[in-house]
Every structure is written in structure tokens, then in C-alpha cells.
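Q: In order, the protein sequences belong to chains A and B.
Every number in the numbering used here is 134 more than the matching position in the first sequence, counting from 1.
Every number in the numbering used here is 3 more than the matching position in the second sequence, counting from 1.
C-beta: ideal position from N, C-alpha, C; glycine also.
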Amino acid sequence: MQHDIAQLIQEQVIEAHRSQNPVEIISNGSKHFYGNSIQATPLIVSQHQGVINYEPTELVITARAGTPLDEIEKVLSDNGQQLAFEPPHFRVFDTTRNRSATLGGTIACGFSGPARANAGSVRDFLLGCEIINGLGEQLKFGGQVMKNVAGYDVSRLMSGSMGTLGIILNASLKTLPKHEHEISLSFSLSRDQAFEKLTQWNLKPYQLTASTYHNDTLTVRLSGNAEAVNATHKLLGGERLENSPEYWQYIKEQLHPFFKTDKPLWRISSKPQLDIPLTRFDEKIDMGTDSLSEWHGTLHWIKTTVAADNIRKIAEKLGGHATLYRQGVSKQNTSIFHPLTTPLFTIHKNLKMAFDPKDILNRNKMYAFNLHHKS
Amino acid sequence: MQKQPFIQKLYQILPESSVLADKEELRPYECDGLSAYRQLPWLVVLPESILQIQQIIKLCFSNNIAVIARGAGTGLSGGSLPQENCLILSLAKLNKILNVDPVSRSAQVQPGVRNLAISDAAKAYGLYYAPDPSSQIACSIGGNVAENAGGVHCLKYGLTVNNILEVKIITVEGELVTLGGQSLDSAGYDLLALITGSEGLLGIIVEITVKLLPVPEKAQVLLAAFDNVLDAGKTVGDIIANGIIPAGLEMMDNLAIKAAEDFAHAGYPKDAAAILLCELDGTTIGVEQSIQKVKNIVKQNNASSLRISGNEQERALIWQGRKSAFPAVGRLAPDYYCMDGTIPKKCLPDILDKINQLSNEYNLPVANVFHAGDGNLHPLILYDANIDDELERTEEFGGKILQLCVEMGGSITGEHGVGIEKIDQMCVQFNSLELQQFHKIKAAFDQKSLLNPGKAVPTLHRCAELGGMHVHDGKLPHPELERF
Numbered sequence: 135m136q137h138d139i140a141q142l143i144q145e146q147v148i149e150a151h152r153s154q155n156p157v158e159i160i161s162n163g164s165k166h167f168y169g170n171s172i173q174a175t176p177l178i179v180s181q182h183q184g185v186i187n188y189e190p191t192e193l194v195i196t197a198r199a200g201t202p203l204d205e206i207e208k209v210l211s212d213n214g215q216q217l218a219f220e221p222p223h224f225r226v227f228d229t230t231r232n233r234s235a236t237l238g239g240t241i242a243c244g245f246s247g248p249a250r251a252n253a254g255s256v257r258d259f260l261l262g263c264e265i266i267n268g269l270g271e272q273l274k275f276g277g278q279v280m281k282n283v284a285g286y287d288v289s290r291l292m293s294g295s296m297g298t299l300g301i302i303l304n305a306s307l308k309t310l311p312k313h314e315h316e317i318s319l320s321f322s323l324s325r326d327q328a329f330e331k332l333t334q335w336n337l338k339p340y341q342l343t344a345s346t347y348h349n350d351t352l353t354v355r356l357s358g359n360a361e362a363v364n365a366t367h368k369l370l371g372g373e374r375l376e377n378s379p380e381y382w383q384y385i386k387e388q389l390h391p392f393f394k395t396d397k398p399l400w401r402i403s404s405k406p407q408l409d410i411p412l413t414r415f416d417e418k419i420d421m422g423t424d425s426l427s428e429w430h431g432t433l434h435w436i437k438t439t440v441a442a443d444n445i446r447k448i449a450e451k452l453g454g455h456a457t458l459y460r461q462g463v464s465k466q467n468t469s470i471f472h473p474l475t476t477p478l479f480t481i482h483k484n485l486k487m488a489f490d491p492k493d494i495l496n497r498n499k500m501y502a503f504n505l506h507h508k509s
Numbered sequence: 004m005q006k007q008p009f010i011q012k013l014y015q016i017l018p019e020s021s022v023l024a025d026k027e028e029l030r031p032y033e034c035d036g037l038s039a040y041r042q043l044p045w046l047v048v049l050p051e052s053i054l055q056i057q058q059i060i061k062l063c064f065s066n067n068i069a070v071i072a073r074g075a076g077t078g079l080s081g082g083s084l085p086q087e088n089c090l091i092l093s094l095a096k097l098n099k100i101l102n103v104d105p106v107s108r109s110a111q112v113q114p115g116v117r118n119l120a121i122s123d124a125a126k127a128y129g130l131y132y133a134p135d136p137s138s139q140i141a142c143s144i145g146g147n148v149a150e151n152a153g154g155v156h157c158l159k160y161g162l163t164v165n166n167i168l169e170v171k172i173i174t175v176e177g178e179l180v181t182l183g184g185q186s187l188d189s190a191g192y193d194l195l196a197l198i199t200g201s202e203g204l205l206g207i208i209v210e211i212t213v214k215l216l217p218v219p220e221k222a223q224v225l226l227a228a229f230d231n232v233l234d235a236g237k238t239v240g241d242i243i244a245n246g247i248i249p250a251g252l253e254m255m256d257n258l259a260i261k262a263a264e265d266f267a268h269a270g271y272p273k274d275a276a277a278i279l280l281c282e283l284d285g286t287t288i289g290v291e292q293s294i295q296k297v298k299n300i301v302k303q304n305n306a307s308s309l310r311i312s313g314n315e316q317e318r319a320l321i322w323q324g325r326k327s328a329f330p331a332v333g334r335l336a337p338d339y340y341c342m343d344g345t346i347p348k349k350c351l352p353d354i355l356d357k358i359n360q361l362s363n364e365y366n367l368p369v370a371n372v373f374h375a376g377d378g379n380l381h382p383l384i385l386y387d388a389n390i391d392d393e394l395e396r397t398e399e400f401g402g403k404i405l406q407l408c409v410e411m412g413g414s415i416t417g418e419h420g421v422g423i424e425k426i427d428q429m430c431v432q433f434n435s436l437e438l439q440q441f442h443k444i445k446a447a448f449d450q451k452s453l454l455n456p457g458k459a460v461p462t463l464h465r466c467a468e469l470g471g472m473h474v475h476d477g478k479l480p481h482p483e484l485e486r487f
């Protein structure tokens, strides 16, 4: 579907800037659970849809931000290509329509799927985008070519900025050929053994495109040329998974039984490791069933009621950060995103000022800059 | 600020031998790889530690002295070209590899470490650092981050921005800040992306953690010659359309082929209109199958000759020709000017045609070397700076090539950066609001504009003054500005 409402979006931002009434950018709402909940006038961008340009041999697709990933991935798949960072769709079923992730929301949240450790994240594939900043100015950065170092990399800055710096109107992403073949292997291993294997395999040129560790089981995906994949399988051993694509689909979409929980779901990003020392804060936690690690031991999902501060301390110790990804049944009294150090917070605040001086775009969605108290 | 009192203050931070103030000592710092522009700096300092840099920056900040960071000085866009009253902060002495960690497949390095030295250090673990700018023997990793350097393997492995985890910077106020982190992502905005390619305008890069990759099991290069550029261009598209992502996909035109062959004796067919170098890497089986596919594609596109490297020595020799293309072309004329535009791949034959037309118009020969896989052009314009107005005509010619790149949907720079060289072309690629946004980003980091001022982003007035040069379709760019 082709539908261009850029002007309408711009008018609403200009009005919000004038009146200093903040807006909340909403598309299909598939990721509405993510980020701080805020009170602001909804600014609906889902109608801004359509693939603008796609030439398979250029390995680039350009689409409006409201375009569903379903539509983009269908077009790519018809040409033997894919979004190699495997973004989740987080489909929401409701009575009126079937809603799932859009291009803009995916970039704004900076979400990538199981392939991330091997293939890169959404920001690695982002080549350019057009935005409307908090002043209502329509701006274009980057482009549709692989290499472009003219000006600051504002496109990638948009990735993961949760709409707080600008509303993405359209974006260009690098595409890649689909893998010819993929299989998944599982291994019954302790944490230490699994980590040793992952480390060992990571030093080899195997196409290890995804991995999970959960319930004493290491599962890895091998992708690429069929013969090469089979040769690697022989070297690694393990038990072959019957339903490889479904397994990774369930991990990506968080439909795997692990993700069914009433507890808060934490996301810890760390240096590679599988040992997350949480038991000293939560004696009842069963790290076998209450945690699931992905991305070759650099991403850990944890279901726990341990206090945010303790989780964040551990995440920092592991060389990373912790995000309260889903709140669970009871609202948690903590910031969703990992607090920033003072000098980093100052840079963030200055950048927010540079793009959205009246703090009207998704105010407080990520961090509370409190710019509007000044003016 | 008077020079002598300022030097005395520097002596409190650095040994006297690390502060250069004499004309002869300053001379090596008057230009970088873009030697057409020269300016003696006010002072040069050579700190050895982060603490010293912090003290120097604080001193400069309180005295409003502009600071220009400099790595190995191999940059091609004048990014570290001095200004009259500036201090050049050389990072050459921060040249240690602090740690190579096979578990996290990363290396923690100081900014003055040479690009190739990282791969050398990682070799013991079967790892390497992927981005490989042609200057990798000499260029430093700090400069690579500042410029977002590329190389011949970008199509498959990305640019610098895709291959780093963490960068430590010193802000203009002298504060040490970590951007990115040891994990794959970090909290907050993607400041790692913002600092990469920011050309020294946002902070001083003092430490970098790079990602390392396993050395592929096998790499083979295929050399195909063509009687016309169209066939070579079509081959590039066909390879991609067949689901193959080569590690490198390079194209050279006849003048570049002849020069490279005379220089490196790589066995290039000197009568070919164009050659393609296609490197495949990965598992042995995977490479063998892909080579077969590429071989068929090349044949279908009427290649006049085809050669596949049989061993590492032959692979290195075939690459030697390409890697020495710049110095080889350098022997054809007293001077050459290297351009760095990017275009969608499909426009390759078209832009080559237009470059040839311009070459005739300006009566200046051009040798073309392309990173064809990612549409990055390096036309090398041959000229003689001793001939009156030839440099000016060369720059005008180059400017027109870059305008063509923008018109075809590309960019004025793929990997060399804007620096001072392409600052005018920035007015073509970006409108006033976009340039203003860049200036606001700069101010978010550096309110007083002391870090590499005047580079990378033109002032709106500069664009207005140039307006006449870039009138498209009768539309005057930046119409809102006064004309001078």
C-alpha cells in the first residue's frame, strides 16, 4: 500500500512545538510495552506506508516508516533476500485487525533478532533516513548507498533513540541474500561447557548465525552453503533440531514458553559469558528455567523480581547494561533503561536539545531530560 | 594567547621534547595526505597518556585555543590540516595494543596503533580486523574511527562503524567519556555511531575496542577482463543478483590497468577496457562453489579473459596490482587528485561515460578505480600543479564528478571524509536545515567550536557564497540566505 502522510505528520509536530504539548509517536503499537509509559497526545504514523524503492542488485530497500515488516520481508523474500538482522514482528491480535511491527518502530526501538551477534543489528543495516525533528523540520541524512561518510551519522543515531530525537519518515536498509541452507543443533551441556564450546567455535570461520542457552541446552544455528553447513555439522556433532525455522521464530517473537511469565522480564546485554551471578540476590531463582541467553552469550533474558539496582550492578560487572524489557503483571518502580553516567547524560540532554528543544517528541520515553521546565 | 607563555604552561604537562614550536619541527605537520593544502600549525604537542591529553585539552579550553587531532596523517580530505592559530594534538605516541581478547573477539587499542598492526597481533588467535583501507600499513585506528574508514572488503564486512564496540573520547572540557561498551549494544543513544566519522569535531578519540573476526578458511580471487565497461558493470549486478556477496569486488578501467600493470606486474591484460577483481572467502567448500558460479556469470557477460588465483601467492599478486593503483597512476603525471564519490551500482557505466566526457572537456586524463561492489568510485584526475590554473581546473572537474554522484542518488564521499576538501560539495548534498542540524550536533559536544573548527560541515554563508556554482534546474540552493 502506498500512502504518504508526511505533511500531516509535519503539521502536527509544528503545532506541538508551537503549543509545547508533547506527542507520543505511535504506529502499530506492537512494541507499546517497551520504554517508559508516558502521557502525551498520540501522533499516529502507521498510515505513512509503502515501499518507495527496491532494487535487489543494489541490496537496498527504501520504505516509509509505517510499512509493516511483513510487507517488506515479503518483497525481499520474493527476490531471495532478507533483513539479515531478523527483526521481531511482535504481532498483536485484536478484534479489529492484525497489527505487527513497522519499519519505523523497529529502527526507533533498535530491535534485532537471533542473528544479531553474527549479522549485526538494525543500526548496522541502516543506510539513511528522512526524519522530522522536534522543530517540525524535515531532514534527510545518509542515503541509499553502502558507503557514505558525508556529515555526522544521524541515521544511525536515530536507531534505538525511541523517537525522542525525531520522527522517522522513511528509511533505507541494506538487504542481503537469504542463506541457502540452515540447520540447528542442540547439545546438553553445563553453563561452563556450553561457554567453552561457543568460545571455541567463535574462533572458527563457521557460519554460527544464532545460539541460545536455556535449561542446560545449547542450541546453535548454522547457515550458508548446504555442503559447508553439513561439513560443519560433522565437525560439531550435536543433535539436529527437526523444527529449526520454527524454533528461531519462537525465540525471535518471544513465543517460546520461556517468555510466558508474570514476572518482570529483564534484558542484560554483556560481554560474552553464560554465568550470570543472580542467585545471591534471589535464592529461589532457577537459572536453568528463569534465564535464556542468546547472541553467543552476550544477551540474557531473565525472569526475576530481584531489585533493579542489583540487576544493574551485575550487568555493569559483566561489562554491559540492563533494561526492564517487560514489566510483568505489576508495574515496577524503576527506570526502564539503564541509568547513564553524568557526562553521558549531559551529552544526551544536549543532543535532545539539538533535535527537539521543546522536548515534545516522546518526552520521558527513554530518559527524563526535564528540558520543558526551563524554556 | 601569546605563544611563549602558553608553551610554558604546556611544559608543566609535557616534557619539552614533546612540544614542537620551531618552524622546521612544525613542517611535517603542515598537511596530511591531501598535500595540495598546507598550513603551518601554531604548535604541535605529542602526549603519551590520556591524563596528559586531558590536561592539554583543559588548558586549550580555558584559553580558547582550537585543537586539531592528528593520527598518522594519511587522511585524503585534509581532516587534520592545521589552521593558523591551532594546536595540533598528535596521537602518534599512544601506539599500544592494550589487549587482544579471543573470548570476546575484540582488541583494546590506543588511537595511534596502525590498522594492520591489529590484525598482526590478532593472528595468533586466528583472528583479524576486517576494515582495510589502502593505507592500512600506515594509517592509525584513531584516524580510521574519526573518518569511518572503509576499504576493499566493505561490501561483506562493513565500514569502521560496523567493526568497533567502544570508543573512549575526551570532550572539549577535558572529560573522559566512554561511548558504546564491551557488550553488543549500550544504553542510550548510539553515540558510537555518531562519533565514528565525525572527523575530530566532537571529541578526541583516545582508546578504541575493535571487533575481530576469524580468518576465513579460504580466500580466492578471480580476475576477469572485459572489452567494454558495460559488460563489466552488468557482471557486478549479476553476481549480487545470484545471491553472492564477495569479500571484495573491484573494477579498474584501461588507464588504471595499464598503470598498475607497469608498476606491479600482476599479469593484468593491458588491452582490456575494464577488469573486475572478485574475491570470495569463507569455508573451503563454500568458496569453491561460489567461484564456480562467478566463473559462469563472468563468461555469460563476455569476459575476454579469466584468471583464478591458485594459491595465496598468486592471490597476493593479483591484489598487488589493485593495491598499488594509486602510486602507479602517480607515475603517469606530476600530480593526481583522488575523488571518492559513491553511486548506486547500476549507474556505474553511466557515470564512467560522463566522467570521460568531462575528461575531454577539461583536457585532463582520468584513471578510474572503483570499489564496484558498493558503488564507491575513486576517479584519479591527472594534472600538473606547476601549470597555471591546472589545480583549479582539476578541483572544478572533481567537484562536477561529486555533483553527478549526488544527482544519481549517491554521496560526495564514501570513505575519505569531507575534511576541508569536500566542504563545498556538502552544500550540494545537504540543504540549510540539514547543515544547521549538523551545527547543532556539533554545539551539543563543543559549544565553543574548538575541536577541528571549520572542517566537515560548511557554514551556511559559505554555501550561499558558493550558490552560483551549484544551480540545479534553475533552483538556487539555500535561497533563504543573503548573497554576498
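With 8 Å set as the bound, which would you pick, yes or no: does the beta-carbon of Phe329/B sit closer than that to a beta-carbon of chain A?
A: Here the question's residue 329/B lines up with position 326 in the second sequence. So no, Phe329/B is outside the interface.
Q: For Ala235/A, tell me which candidate among Leu310/A, Asp204/A, Gly214/A has the shortest Cα-Cα distance.
A: Here residue 235/A refers to the residue found at position 101 when the first sequence is read from its first residue. Checking every option, the nearest Cα to that of Ala235/A belongs to Asp204/A.
Q: Below 8 Å on the Cβ atoms is my contact criterion, and I expect Gly177/B with Gln57/B to pass it. Report the Cβ-Cβ distance as a whole number of Å.
A: Counting from one through the second sequence, the residue named residue 177/B turns up at place 174. Counting from one through the second sequence, the residue named residue 57/B turns up at place 54. Indeed, because the Cβ distance is near 5 Å, the residues count as touching under 8 Å.
Q: Please confirm whether Phe219/A and Ala249/A have their CB atoms less than 8 Å apart.
A: The residue given as residue 219/A occupies position 85 in the first sequence. The residue given as residue 249/A occupies position 115 in the first sequence. A contact, by the Cβ cut-off of 8 Å.
Q: Using 8 Å as the Cβ pair cut-off and three pairs as the minimum, do the stretch 24-36 of chain B and the stretch 75-84 of chain B touch?
A: yes
Q: Cβ of Met500/A within 8 Å of Cβ of Phe471/A?
A: Residue mapping note: residue 500/A aligns to position 366 of the first sequence, counting from 1. Residue mapping note: residue 471/A aligns to position 337 of the first sequence, counting from 1. For Met500/A and Phe471/A, yes; Cβs fall inside 8 Å.
Q: Taking 8 Å as the threshold (C-beta atoms), are Cys142/B and Val1/B in contact?
A: Chain B is shown from 4 up to 487; residue 1/B falls before or after that span and cannot be answered.
Q: Taking C-beta pairs closer than 8 Å, name the residues in chain A that Glu418/B reaches, listed in chain order.
A: Taking the first residue of the second sequence as position 1, residue 418/B is located at position 415. Result: Lys281, Val283.
Q: Spell out the partners DSSP gives Glu158/A in its beta bridges.
A: Within the first sequence, residue 158/A is the residue found at index 24, counting from 1. Answer by DSSP bridge pairing, in chain order: Pro176/A.
Q: In angstroms, rounded to a whole number, what distance separates the CA positions of Tyr459/A and Ser293/A?
A: If you number the first sequence from 1, residue 459/A lands on position 325. If you number the first sequence from 1, residue 293/A lands on position 159. Cα to Cα, Tyr459/A sits roughly 17 Å from Ser293/A.
Q: Between which two residues does the alpha helix (DSSP H) harbouring Asn252/A extend?
A: As a first step, residue 252/A must be located in the first sequence, where it is residue number 118. Taken as a continuous stretch (DSSP letters only), the alpha helix (DSSP H) holding Asn252/A covers 250-253.
Q: Any idea what DSSP makes of Leu299/A, helix, strand or coil?
A: Here the question's residue 299/A lines up with position 165 in the first sequence. Leu299/A falls in the coil class under three-state DSSP.
Q: Would you give the residue range spanned by the alpha helix (DSSP H) that Ser320/A belongs to?
A: As a first step, residue 320/A must be located in the first sequence, where it is residue number 186. Not the alpha helix (DSSP H): Ser320/A falls in the beta strand (DSSP E), residues 315-322.
Q: I need the straight-line Cα distance from Leu463/B to Ile494/A, nearest angstrom please.
A: Stepping through the second sequence from its first residue, residue 463/B is reached at position 460. Stepping through the first sequence from its first residue, residue 494/A is reached at position 360. Roughly 27 Å separates the two Cα atoms.
Q: Taking a contact to mean a Cβ-Cβ separation below 8 Å, would you say Leu433/A touches Gly191/B in this structure?
A: Against the first sequence, residue 433/A aligns to sequence position 299. Against the second sequence, residue 191/B aligns to sequence position 188. Contact flag unset, no.
Q: Could you pull out every unbroken beta strand (DSSP E) segment of at least 3 residues lying fully inside the stretch 107-165 of chain B, listed in chain order?
A: 109-112
Q: Rounding to the nearest angstrom, what Cα-Cα distance links Gln154/A and Phe224/A in this structure?
A: Mapped onto the first sequence, residue 154/A falls at position 20. Mapped onto the first sequence, residue 224/A falls at position 90. The alpha-carbon atoms of Gln154/A and Phe224/A are separated by roughly 32 Å.
Q: Look at the alpha carbon of Arg290/A and the alpha carbon of Lys165/A, and state the distance between them as a whole number of angstroms.
A: Along the first sequence, one-based indexing puts residue 290/A at 156. Along the first sequence, one-based indexing puts residue 165/A at 31. Cα-Cα distance, rounded: 20 Å.
Q: With the cut-off set at 8 Å, would you say Thr77/B and Ser138/B are in Cβ contact?
A: Stepping through the second sequence from its first residue, residue 77/B is reached at position 74. Stepping through the second sequence from its first residue, residue 138/B is reached at position 135. Contact: yes.
Q: Could you check what DSSP says for Ile148/A in three-state terms: helix, strand or coil?
A: Counting from 1 along the first sequence, the entry for residue 148/A is found at position 14. Correct three-state label for Ile148/A: helix.
Q: My understanding is that Ala263/B touches Ser327/B, with C-beta atoms under 8 Å, so please give their C-beta distance in whole angstroms.
A: Taking the first residue of the second sequence as 1, we reach residue 263/B at position 260. Taking the first residue of the second sequence as 1, we reach residue 327/B at position 324. That pair is a contact at about 6 Å.
Q: Please report how far the alpha carbon of Asn363/B lies from the alpha carbon of Phe266/B, in whole angstroms.
A: Mapped onto the second sequence, residue 363/B falls at position 360. Mapped onto the second sequence, residue 266/B falls at position 263. Spanning the two alpha carbons is a distance of roughly 26 Å.
Q: What does the alpha-carbon distance come out to for the pair Ser404/A and Pro411/A?
A: Here residue 404/A corresponds to residue number 270 of the first sequence, with the count starting at 1. Here residue 411/A corresponds to residue number 277 of the first sequence, with the count starting at 1. If you take the alpha carbons of Ser404/A and Pro411/A, they lie about 13 Å apart.
Q: In chain B, which residues lie with their C-beta within 8 Å of the C-beta of Ala488/A?
A: Along the first sequence, read from residue 1 onward, the residue named residue 488/A stands at position 354. Gln440, Lys443, Ile444, Ala446, Ala447, listed in chain order.
Q: What do you reckon, are the CB atoms on Ile144/B and Ile198/B nearer than 8 Å?
A: Locating residue 144/B in the second sequence gives position 141, counting from the first residue. Locating residue 198/B in the second sequence gives position 195, counting from the first residue. No, these two residues do not count as a Cβ contact at 8 Å.
Q: Provide the residue span of the beta strand (DSSP E) that contains Thr212/B, from first to last.
A: Mapped onto the second sequence, residue 212/B falls at position 209. 207-214 is the extent of the beta strand (DSSP E) around Thr212/B.
Q: Could you name each continuous alpha helix (DSSP H) segment of 4 residues or more that falls completely within the stretch 255-339 of chain B, going from the start of the chain to the end?
A: 257-267, 287-303, 315-326, 328-333
Q: In the DSSP assignment, find the unbroken alpha helix (DSSP H) run with Phe64/B in it and report its ends.
A: As a first step, residue 64/B is located in the second sequence; it is residue number 61 there, counting from the start. Residues 53-66.
Q: Alpha carbon to alpha carbon, how far is Gly244/A from Ala133/A? Give it in angstroms, no decimals.
A: Since the displayed chain A opens at 135 and closes at 509, residue 133/A lies outside it and no answer follows.
Q: Against chain A, does Tyr192/B count as a neighbour if the rule is that its beta carbon must be under 8 Å from one of theirs?
A: What you label residue 192/B is simply residue 189 of the second sequence in a count that begins at 1. Judged by the 8 Å Cβ criterion, Tyr192/B is in contact with chain A.
Q: Between Ser20/B and chain A, is any beta-carbon pair separated by less than 8 Å?
A: Here residue 20/B corresponds to residue number 17 of the second sequence, with the count starting at 1. So, not an interface residue.
Q: Okay, do the stretch 160-175 of chain A and the stretch 263-281 of chain A touch, 3+ Cβ pairs below 8 Å being the bar?
A: Below 8 Å, too few C-beta pairs join the stretch 160-175 of chain A and the stretch 263-281 of chain A to call them touching: fewer than three.
Q: Using only the alpha-carbon positions, how far apart do Ala467/B and Asp427/B sit?
A: Your numbering for residue 467/B matches position 464 in the second sequence. Your numbering for residue 427/B matches position 424 in the second sequence. Straight-line Cα distance between these residues: approximately 10 Å.
Q: Under 7 Å Cβ-Cβ, which residues of chain A neighbour Lys348/B?
A: Here the question's residue 348/B lines up with position 345 in the second sequence. Chain A residues near Lys348/B: Thr191, Glu192.
Q: Hey, is Ala110/B's beta-carbon within less than 8 Å of any beta-carbon in chain A?
A: Your numbering for residue 110/B matches position 107 in the second sequence. Cβ-Cβ to chain A under 8 Å: no for Ala110/B.
Q: What are the boundary residues of the alpha helix (DSSP H) that Arg325/A is part of?
A: For the purposes of this step, residue 325/A is taken as residue 191 along the first sequence, with counting starting at 1. Here the alpha helix (DSSP H) through Arg325/A covers 325-336.
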